[in-house]
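Student: Protein chains in written order, with our numbering: chain A, 1 to 115; chain B, 1 to 115. Idealized CB from N, CA, C, for every residue including glycine.
Number of protein chains: 2
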Amino acid sequence: MAEDCMKLHNHDRVVDEVRDQLPEDTDLFDLAEFYKVFGDSTRIKILYVLFESEMCVGGIAQLLSMTMSAISHQLRVLKGARLVKQRREGKTVFYSLADDHVRTIIEMGMEHISE
Amino acid sequence: MAEDCMKLHNHDRVVDEVRDQLPEDTDLFDLAEFYKVFGDSTRIKILYVLFESEMCVGGIAQLLSMTMSAISHQLRVLKGARLVKQRREGKTVFYSLADDHVRTIIEMGMEHISE
DNA sequence: ATAACAGTTGAACAACTATTCAACTGTTGG
DNA sequence: CCAACAGTTGAATAGTTGTTCAACTGTTAT
Chain A
1 MAEDCMKLHN
11 HDRVVDEVRD
21 QLPEDTDLFD
31 LAEFYKVFGD
41 STRIKILYVL
51 FESEMCVGGI
61 AQLLSMTMSA
71 ISHQLRVLKG
81 ARLVKQRREG
91 KTVFYSLADD
101 HVRTIIEMGM
111 EHISE
Chain B
1 MAEDCMKLHN
11 HDRVVDEVRD
21 QLPEDTDLFD
31 LAEFYKVFGD
41 STRIKILYVL
51 FESEMCVGGI
61 AQLLSMTMSA
71 ISHQLRVLKG
81 ARLVKQRREG
91 KTVFYSLADD
101 HVRTIIEMGM
111 EHISE
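#1: Going by DSSP, what residue range makes up the alpha helix (DSSP H) through residue 19/A?
#2: Going along chain B, which residues have a C-beta under 8 Å from residue 76/A?
#3: According to DSSP, is residue 66/B helix, strand or coil?
#4: Starting from the beta carbon of residue 40/A, find every residue of chain B whose beta carbon is closer than 7 Å, and list them in chain order.
#5: Could you check whether residue 46/A and residue 64/A sit closer than 9 Å to each other, using their CB atoms as the reference points?
#6: If the cut is a Cβ gap below 9 Å, which residues of chain A does residue 62/B touch?
#7: Let's see if you can read the secondary structure: which residues bound the beta strand (DSSP E) around residue 85/A?
#8: Ordered along the chain, which non-local residues of its own chain (more than five positions away) have a Cβ less than 8 Å from that of residue 88/B?
#9: Starting from residue 41/A, trace the beta strand (DSSP E) in both directions and tell me its first and last residue.
#10: Alpha carbon to alpha carbon, how far is residue 32/A from residue 12/A? Give it in angstroms, no decimals.
#11: With a cut-off of 8 Å on the beta carbons, I'd call residue 51/A and residue 81/A a contact; round off their distance for me.
#12: Return helix, strand or coil for residue 72/A, following the three-state DSSP convention.
#13: Along chain A, in chain order, which residues have C-beta atoms closer than 7 Å to that of residue 52/B?
#14: Quick one, which of 84/B, 60/B, 92/B, 111/B has its alpha-carbon nearest residue 100/B's?
#15: Kindly indicate the opening and closing residues of the beta strand (DSSP E) around residue 96/A.
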């Protein structure tokens with residue numbers, strides 16, 4: 001007699017049950033896209049900077065010792081994820097956190113890795 | 001007189017202040033690495049499956065219509081991030097969530113994108 | 001011992017992504 | 001209007017990453 005994992009553990013039934021509980025495929029995809037935004041140290045650094053204070057692109061660039069172009073590109077990604085917002089004052093553009101949600105998410109991660 | 005952003009907004013002082021508040025560079029890097037793990041829809045799907053029930057590699061593969069090899073590769077990443085743990089039973093290896101931390105982090109993200 | 005099964009692993013390839021560079025927009029002061 | 005500054009953008013490049021494939025380990029039943 002065949003002792004497959006399938007037959008031993010009754011896969012087909014369990015698999016069907018679990019499948020019903022899963023969120024929509026598009027939601028799972030969107031969630032991964034969202035977390036991708038946190039998956040880059042430059043963006044993480046920018047977010048941490050904005051935790052402390054709103055700041056213009058040049059200021060962030062100076063702080064992180066990077067070009068304004070590089071920072072601007074990443075700010076665009078952060079804005080796309082609705083994590084930051086911008087405010088223009090003359091030639092300068094100030095960026096700040098869109099909401100406090102971000103803080104919680106990042107603190108959650110920090111907790112996990114420092115265990 | 002030069003009306004630089006620098007001089008107008010007193011960058012150097014603010015920048016220095018904020019720099020002191022930032023976590024270690026290595027911590028910020030590790031945090032980004034951690035979030036990278038959530039930044040893939042296959043891994044997100046696997047985590048959601050394990051929310052419902054512990055499951056073997058073949059079961060997950062069947063559920064997600066993917067090869068065992070692909071799943072095994074991703075489980076390795078998840079294990080590396082200490083998000084899942086394994087348990088052997090004969091030829092079968094069962095995976096499950098390492099702790100409930102993961103649930104909170106993922107729910108946090110879901111909240112943000114469904115706003 | 002050996003065959004069959006469950007899972008792992010490393011190399012290779014394709015797809016994606018972060019930074020750089022140069023050219024651009026928009027704003028302000030002269 | 002023009003020059004200078006702050007920031008943005010698109011193309012190009014280098015580095016990273018997910019899946020596939022084939023070969024491998026480890027376990028169990030005969």
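Tutor: According to the structure shown:
#1: 11-21
#2: Residues of chain B passing the Cβ test: none, with the nearest at roughly 17 Å.
#3: coil
#4: 32
#5: yes
#6: Those are 6, 11, 12, 15, listed as they occur along chain A.
#7: 84-89
#8: The residues 94, in chain order, have a CB closer than 8 Å to that of residue 88/B in the same chain once the five nearest residues on each side in sequence are set aside.
#9: That residue, residue 41/A, is in no beta strand (DSSP E); its alpha helix (DSSP H) goes 41-52.
#10: 27 Å
#11: Their Cβ separation, rounded to whole angstroms, is 16 Å, which puts residue 51/A and residue 81/A out of contact at 8 Å.
#12: Helix at residue 72/A.
#13: 18, 21
#14: 84/B
#15: 92-97
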